[in-house]
Amino acid sequence: MIPFSKLSFWERSVYTEGIDFAIIGAGIVGMSTALHLKKRFPFAKIVILERGYLPTGASTKNAGFTCFGSPTELRDDLSSMPEDVVWDTVEMRFNGLQELLSLIDPSKISYEPCGSWDLIRQDEELIPDSFLHYLNEKLARITGQNKVYSIDQRKLEHSKFAGFKAAYQNHLEGAIHTGKLIHELYKSCIHRDIHVIFDIEVSSFEDQTEEVVLFTAHGELKTAKLLVCTNAFASQFLDDVLPARAQVLVTKPISNLAVEGTFHVDGGYYYFRNIGDRLLLGGGRNLDFEGETTTRFEVSSLIQDNLKRMLKENILPSTPFEVDYAWSGIMAVGSEKKPIIQKTNKNIAFGVRMGGMGVAIGASVGKQLSKLIV
Ligand SMILES: Cc1cc2nc3c(=O)[nH]c(=O)nc-3n(C[C@H](O)[C@H](O)[C@H](O)COP(=O)(O)OP(=O)(O)OC[C@H]3O[C@@H](n4cnc5c(N)ncnc54)[C@H](O)[C@@H]3O)c2cc1C
Numbered sequence: 010m011i012p013f014s015k016l017s018f019w020e021r022s023v024y025t026e027g028i029d030f031a032i033i034g035a036g037i038v039g040m041s042t043a044l045h046l047k048k049r050f051p052f053a054k055i056v057i058l059e060r061g062y063l064p065t066g067a068s069t070k071n072a073g074f075t076c077f078g079s080p081t082e083l084r085d086d087l088s089s090m091p092e093d094v095v096w097d098t099v100e101m102r103f104n105g106l107q108e109l110l111s112l113i114d115p116s117k118i119s120y121e122p123c124g125s126w127d128l129i130r131q132d133e134e135l136i137p138d139s140f141l142h143y144l145n146e147k148l149a150r151i152t153g154q155n156k157v158y159s160i161d162q163r164k165l166e167h168s169k170f171a172g173f174k175a176a177y178q179n180h181l182e183g184a185i186h187t188g189k190l191i192h193e194l195y196k197s198c199i200h201r202d203i204h205v206i207f208d209i210e211v212s213s214f215e216d217q218t219e220e221v222v223l224f225t226a227h228g229e230l231k232t233a234k235l236l237v238c239t240n241a242f243a244s245q246f247l248d249d250v251l252p253a254r255a256q257v258l259v260t261k262p263i264s265n266l267a268v269e270g271t272f273h274v275d276g277g278y279y280y281f282r283n284i285g286d287r288l289l290l291g292g293g294r295n296l297d298f299e300g301e302t303t304t305r306f307e308v309s310s311l312i313q314d315n316l317k318r319m320l321k322e323n324i325l326p327s328t329p330f331e332v333d334y335a336w337s338g339i340m341a342v343g344s345e346k347k348p349i350i351q352k353t354n355k356n357i358a359f360g361v362r363m364g365g366m367g368v369a370i371g372a373s374v375g376k377q378l379s380k381l382i383v
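Position in the sequence shown counted from 1, then plus 9, gives you our numbering.
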């Protein structure tokens, strides 16, 4: 490992000296922040420092849903949060998705406006018509579209599920390829002369009035402004940020897969979709909140077995399948279901705690952060 102090004149002049904006974390938020800063300050030197050889948090590990709220999720939120906060969050998610799709060419990230379905189990209460009407009125104000949600029983029959009695469609939600999104953001950064340096973990930083000093295993770096976009890993720097692990599996290709689109179950605690002829299923954090409050990128048999049972009993009851991939990603939660977008002093700002919403809100959080820091 060569310390920064032993780098050549050439290396230092390009990468480590004269930094105007340093960003910690190369997830959706960190890279969106860099792109927005570059739009505002075309000549600024922007350096993103990422501890992993790839971004290593949630942005490359999620399920690739472009979602802003299913009826059962919104019903649960409205029972535990003030009404205006719930609708502000939905609006932030909807607008954030528009921001993301304007920042990155949708065709390059396999964006599919395929719709989503919220599935109701046999023993669950149906969504009352009056509540669906209320949701549609609220959503019309945010999206400009009528009847965002509607009951769609044909989807249940067509998908050959078992154990569900109703499906509510949201025709404005969709899916992306998560890996392509992060790669496109990375390509945009490089194209705009934003440096992304991997394998550098920032252990701490210190504000020194006119600059911020970052401490790493390779030595110190100085920057005029610092933006911390480390999401679940920000608890080392900030209160009220807790890690929330989420586990996922993907099957081997299935011939004649009848499932098409994105689906939510149990207020969003489970989610599944097709990726071509494979099926992705995630969720089950509610089975072990304590055990899943961790930053360890592992999977547990408790949750993976539960996901496989759900595949066998509910999602693919008449179709044989084999699991091909299983992984986990680390989200960030706290006492409120909203991100922390905060300047802690003149030169340092945080954009963290995206919950299960960072695909939706990440690009607009980056925009807000780029304005907040200067
Ligand atoms: C399984 C799963 C499903 C999800 N489903 C959805 C969904 O349907 N819709 C939705 O909107 N969102 C969803 N999310 C959430 C979404 O993926 C996250 O909110 C979003 O990716 C967070 O982006 P971020 O850039 O804030 O954080 P991250 O992607 O976690 O990026 C933070 C980066 O900081 C780096 N880092 C951390 N500490 C340091 C340090 N000290 N020095 C240097 N680098 C550091 C990490 O390596 C990481 O790359 C899901 C997440 C998971 C895991």
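Glycine included, each C-beta is placed from N, C-alpha and C at the ideal position.
Can you find at least 3 beta carbon pairs, one from the stretch 345-362 and one from the stretch 61-68, that sit closer than 8 Å?
no
Between S213 and E307, what straight-line distance do the alpha-carbon atoms span, to the nearest angstrom?
26 Å
At which residue ranges does the stretch 224-260 contain complete beta strand (DSSP E) runs of 3 or more residues, listed in the order of the chain?
228-237, 251-260
Distance CB(V211)-CB(I33) smaller than 8 Å:
yes
Okay, do the stretch 313-327 and the stretch 292-302 touch, 3+ Cβ pairs below 8 Å being the bar?
yes
Straight-line gap, G270 to G124 (C-alpha atoms, nearest Å)
6 Å
Any chance the CB of G188 is under 7 Å from a heavy atom of ligand 1?
no
Hey, would you say I136 sits closer than 8 Å to P80, going by beta carbons?
yes
Around the Cβ of T187, are there at least 16 other Cβ atoms within 10 angstroms (buried) or fewer (exposed)?
buried
Could you tell me which residues DSSP puts in a beta bridge with N283?
L288
From the DSSP output, in three-state form, read off A358 for me.
strand
Limits of the beta strand (DSSP E) - the one that L58 falls within:
55-58
Comparing the C-beta of M366 with each C-beta of chain C, is any distance below 8 Å?
The chain inventory of the structure shown lacks chain C, comprising one protein chain alone.
Among G27, G39, L247, whose alpha-carbon lies nearest the alpha-carbon of S373?
G39
N- and C-terminal bounds of the alpha helix (DSSP H) containing R102
92-112
Indicate the three-state DSSP secondary structure (helix, strand or coil) for F13 in the structure shown.
helix
Contact check, I382 vs L247, beta carbons under 8 Å:
no
Taking A35 as part of the alpha helix (DSSP H), name the residues at either end of that continuous run.
No alpha helix (DSSP H) contains A35, which DSSP labels as neither H nor E.
Residue interval of the beta strand (DSSP E) (run including E345)
Element bounds for E345: n/a, residue is neither H nor E.
CB A341 to CB M363, shorter than 8 Å?
yes
Within 8 Å, strictly: CB atoms of M366 and R150
no
Bridge partners of R130, per DSSP?
F173
Buried or exposed: N9, going by 16 or more other Cβ atoms within 10 Å of its Cβ?
What is shown of the chain runs 10 to 383, which leaves residue 9 out entirely.
For V308, does the three-state DSSP call read helix, strand or coil?
coil
Buried or exposed: where does F30 fall if 16 or more other Cβ atoms within 10 Å of its Cβ makes it buried?
buried
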